[in-house]
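In the numbering used here, the protein residues as written are -13 to 68.
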């Protein structure tokens, strides 16, 4: 996050206000999700793992989606069927 200039406040905002755009229920050890949200400055993708047994979320990675790889609203990878 530091190298990508993404603040903890940005991450918390997206986690609270973003939308799940992909789910990976078969990931191990916990199912995970890709969340899209927008801060004042830019779109962000956050991958989190859901530890349902302990009611916690683990942030795996946070990044700004590349417009070359994602559609205009950053909800689908280019070339991927809906």
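Note that the Cβ used here is the ideal one computed from N, Cα and C, for glycine as well.
Taking the straight line between their C-alpha atoms, what separation do you get for residue 44 and residue 15?
In the chain shown, residue 44 corresponds to position 58, counting from 1. In the chain shown, residue 15 corresponds to position 29, counting from 1. Those two C-alpha atoms are separated by around 11 angstroms.
Quick check: the Cα distance between residue 52 and residue 12, rounded to an integer number of angstroms?
For the purposes of this step, residue 52 is taken as the residue at position 66 of the chain shown. For the purposes of this step, residue 12 is taken as the residue at position 26 of the chain shown. Spanning the two alpha carbons is a distance of roughly 25 angstroms.
Could you please give me the residues that DSSP links to residue 10 through a beta bridge?
Position 24 of the chain shown holds residue 10. DSSP, once it has assigned bridges, lists 18 as partnering residue 10.
Taking the continuous beta strand (DSSP E) assigned at residue 36, which residues delimit it?
Translated into the one-based positions of the chain shown, residue 36 becomes position 50. Unbroken beta strand (DSSP E) run through residue 36: 29 to 37.
I need the straight-line Cα distance from residue -2 to residue 65, nearest angstrom please.
Within the chain shown, numbered from 1, the residue matching residue -2 stands at position 12. Within the chain shown, numbered from 1, the residue matching residue 65 stands at position 79. Approximately 30 angstroms, taken between the alpha carbons.
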